[in-house]
Structure formats: structure tokens, C-alpha cells
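Report on one structure; see the data block that follows.
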Amino acid sequence: MRDTMGIIFTESDDVTLKELTELRSTAALPVAGRYRLIDFVLSGMVNSGIINVGVATKHKYSSLMEHLGAGSAWDLQRENYGLHVLPPFVSHEQYGILGGEIDILMGIMPYLRNSRQRYVVLSEGNTICNITFRAAMDMHKKSCADVTIIYRKEKAENLPHSLVAEITPEGRVTGLEYMPRRPKSVYASMDMYILEKELLIRICESCAARGEHSFVMDALVRNLSNLKIFGWEYKGYAGRVDSTASYFSCNMDVLKEEVRAALFGQENPIYTKVKNRIPSKYGDSAEVSDCLVADGCVIEGTAENCIIFRGVKIGKHSHLKNCVIMEKTHIDTNCEAENVIFDKECLMREGKRLIGQPSYPVIIRKGTVV
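When we follow my numbering, the leftmost residue of the sequence shown carries the number 14, and every step to the right adds one.
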């Protein structure tokens, strides 16, 4: 796929992650013990042979830039092409406030025009999956499609939050509904699209001239009759993070053996920034079951069904269940927490108790002392 470039959007307007994205973009959100959300789609592009990837940011991108660096962890630190983190430099006087993907794409138009690849893979950076784009690209070329939407069969409760497509057995998209109350199909877009670069440029310029901002609504839904749109089904595990509940659910999913096999047990690895630390230490009183524990932790209490990031400390006689505990958080002695998301560098003092619900987990902001 050397004739293909990738563009990753770091946040979407329909994503609500509250305190978790106050200081970071959605794509930079830590997940599964040692990864960021962007690692999954970025690794998918690299595993597909794409060597020119632009990360189109909107705001709060310093954490993401620190994580990505020059792209060496993904073998994208190259003299030609490679990884490009593209902060927004769109002129507000010319295009208005950054309101959607069209505005962001207009802002990175010089990068698009200067890239020599013929095709573009557009993707949001908030989906956990292990995907390669070769089969989808093959179908895109064989069908002579203008746009190919990568989709999957979705649960009924998730359809009202998605772009839902009606698709014929031949793969042609005949209907599109955005966040429908009564969806007519079970096929939900994964917010991943394939099209020719020149077509993308024409679409963006046309939408910008009409004051339109959304790639999904303005470029796809309203132009369904004018474009030849096909769909390609992804059948592996995919977790879309668009709320605190879905973020919590996706992390809990990673504790399941079949999900870990689908994400990390395949021939296509998920790359991330490597941080070398000492192994985790378990005290004599430690009891750990069904947990994913990163390196550099010190655990002396009880942890059950938890995602534990690097450098976490859990004191004696503390009991944590169904928790996501991010880097350098310290849980003191005699604490209890269930269904809680601890952001980075939090401190839970001795004897404190926090209880949430799986559908509404308690969120502790970065650096908070409880």
C-alpha cells in the first residue's frame, strides 16, 4: 500500500469523556495498561504498509505529541514521508472556527497536496482494534468505488451513536443514517474511510465553499446519490471509545482472553512508545487475580479484575475491584475502590472508599488527592 497515505483525527465532536479529556485529546487516552488509543489505528496503518501518516489535531495535543515523538516506535521516523503531527493552523478569517473534519482537512491542505500517494485512509483515533487495510483497499479498487466505508455489525444499543449504513449483498451502500433513533440496519461505520486523495480535496473545497464542516454529514450522507459508496466489513473485535462508560467497558474487555487474543495474539503487532522500567513487585500480602499489570508497580494489597498501568502503588489491606488505574497513582493502605477510573498521579489516602457502577464509573481527575 505504498500508493496510500493515512490521516488520523485525534478527537471527534460526538465523543464525551468528561474529566478524562480535559488535558488530552481522545486519541491520547491511555488504555489497556500501556497503550494510547491512537496506537491501534496507527499500528494498523503501519502493518498495512502505509509509510505516510498525518495525525490531524484540533486542540490539547501536547500529550499526544510527547507520546508519538518522531514516530520511531512505529518505524515512521523516515527521511521521506513518515509520521507528521499536524497542529491546526487554519485561518479563522478564511475558513471560520474549527468545527469539524472538513475544517481540519482544509487546514492541512498543503500536506495533502504535497503527498504523492493516490489514495487516503481516513480514520478517527478512538477505536481499539487490530485491523489492516489491504483487503478493504483491494475491494475499493475492484469495485471502482468513490468511497469505501469500513463497518461492522454492531449491537442495537450502540447504533444510535453511529453512522449506520444500508448495504446490498454486493457491498453497495444504498442508505446512510447518522445517529438514528430507529436504525434500519445493524451495520455501523467504524469511522474509517478510503477514497482517492484528489476526490477528498475536491470534496473538502466544495464543502468549505458552502460553509459545511462535517465529513460524515456534509460529504457522505448528503452526497450519497452523487457518490459510489461501498462498504467493507471488519469482523474482528472493535471497541469504540466515545464515552466514559465505553472507555471503562473497553478496558474491562481487554481482561478477557479472547479479546486479548484478537488484539495482541495476531501476526500484526500493536506498537507503542516503549518505557523501560523494573518489573512489578508483589508483597507477601498481595492478592492479584484477573488483572493486567504493567511494569514498575508495587502491589501489597488486593486487586481483582483491574487494569493497572506503570508505576502504580497499592498499599496493604487495600481492595480494588473492576478499576482502571493509570500511571503513577498511589493507593494508600486500608482503601476500597470498585468501578473507579483513576487518572494519572492520583492519591487515595488511607481508609478511603469509592464505589461506582459499571455503567457509570467514578472518575478521579489527574493529580487528585482523595
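The beta carbon of each residue, even a glycine, is placed where N, CA and C say it ideally should be. All values reported here derive from a predicted model rather than from experimental measurement.
- Bounds of the alpha helix (DSSP H) holding M78 are S75 to L81.
- Secondary structure note for V272: its alpha helix (DSSP H) is the uninterrupted segment E270 to F277.
- Taking a 10 Å sphere around the C-beta of R323, we find 16 or more other C-beta atoms and assign the residue as buried.
- Between S56 and W87, the CB-CB gap stays under 8 Å.
- The distance from the Cβ of N139 to that of V59 is about 18 Å, inconsistent with a contact at the 8 Å cut-off.
- When Cβ pairs closer than 8 Å are counted between the two stretches, the stretch 262–269 is seen not to touch the stretch 167–175, the count staying below three.
- Put simply, of A83, C336 and T17 the residue whose alpha carbon is nearest the alpha carbon of V133 is T17.
- Contact between the stretch 318–336 and the stretch 351–368 is established, with three or more Cβ pairs separated by less than 8 Å.
- Taking all protein chains in view, the Cβ of G67 is crowded by 16 or more other Cβ atoms within 10 Å, so the residue is classified as buried.
- DSSP places F53 within a helical segment (H, G or I) once states are collapsed to three.
- F243 has T161 and R185 as its beta-bridge partners, per DSSP.
- Between the stretch 182–195 and the stretch 158–173, the count of C-beta pairs closer than 8 Å reaches three or more; the two stretches touch.
- The distance from the Cβ of K210 to that of L125 is about 6 Å, consistent with a contact at the 8 Å cut-off.
- L208 has its alpha-carbon roughly 16 Å from the corresponding atom of E246.
- Between the stretch 149–157 and the stretch 69–87, the count of C-beta pairs closer than 8 Å stays below three; the two stretches do not touch.
- Secondary structure at M18: strand, using DSSP grouped into helix, strand and coil.
- Between I338 and I321 a beta carbon distance of about 5 Å is seen, short of the 8 Å cut, so the two are scored as contacting.
- Here the alpha carbon of G252 sits roughly 32 Å from the alpha carbon of A221.
- If you compare the alpha carbons of R129, L30 and R47 with that of I377, the shortest gap goes to L30.
- Runs of alpha helix (DSSP H) with 4 or more residues, each lying fully within the stretch 117–153, are found at 122–127, listed in chain order.
- Under the DSSP assignment, I180 falls in the beta strand (DSSP E) whose first and last residues are L176 to I180.
- Between Y200 and Y164, the C-beta gap is smaller than 8 Å, which places the two residues in contact.
- Within the same chain, M14, T17 and G19 come within 6 Å of I63 by CB-CB distance, once the 5 residues on both sides are set aside.
- Remark: C-beta atoms of A316 and L333 approach each other more closely than 8 Å.
- Within the DSSP secondary-structure output, N289 pairs in no beta bridge.
- With 16 or more other Cβ atoms from the protein chains shown falling within 10 Å of its own Cβ, Q130 counts as buried.
- According to the DSSP assignment, A221 belongs to the alpha helix (DSSP H) that extends over K210 to A222.
- A distance of 8 Å or more separates the beta carbons of I117 and E225.
- Setting aside the 5 residues that flank it on each side, G113 is surrounded in the same chain by H226 and S227, each with a C-beta closer than 6 Å to its C-beta; the list follows chain order.
- Annotation for N65: the continuous beta strand (DSSP E) segment containing it runs N65 to A69.
- If you compare the alpha carbons of A45, L96 and K379 with that of K341, the shortest gap goes to K379.
- Around the beta carbon of P123, a 10 Å sphere encloses fewer than 16 other beta carbons of the protein chains shown; the residue is thus reported as exposed.
- 8 Å or more divides the Cβ of G84 from the Cβ of A178.
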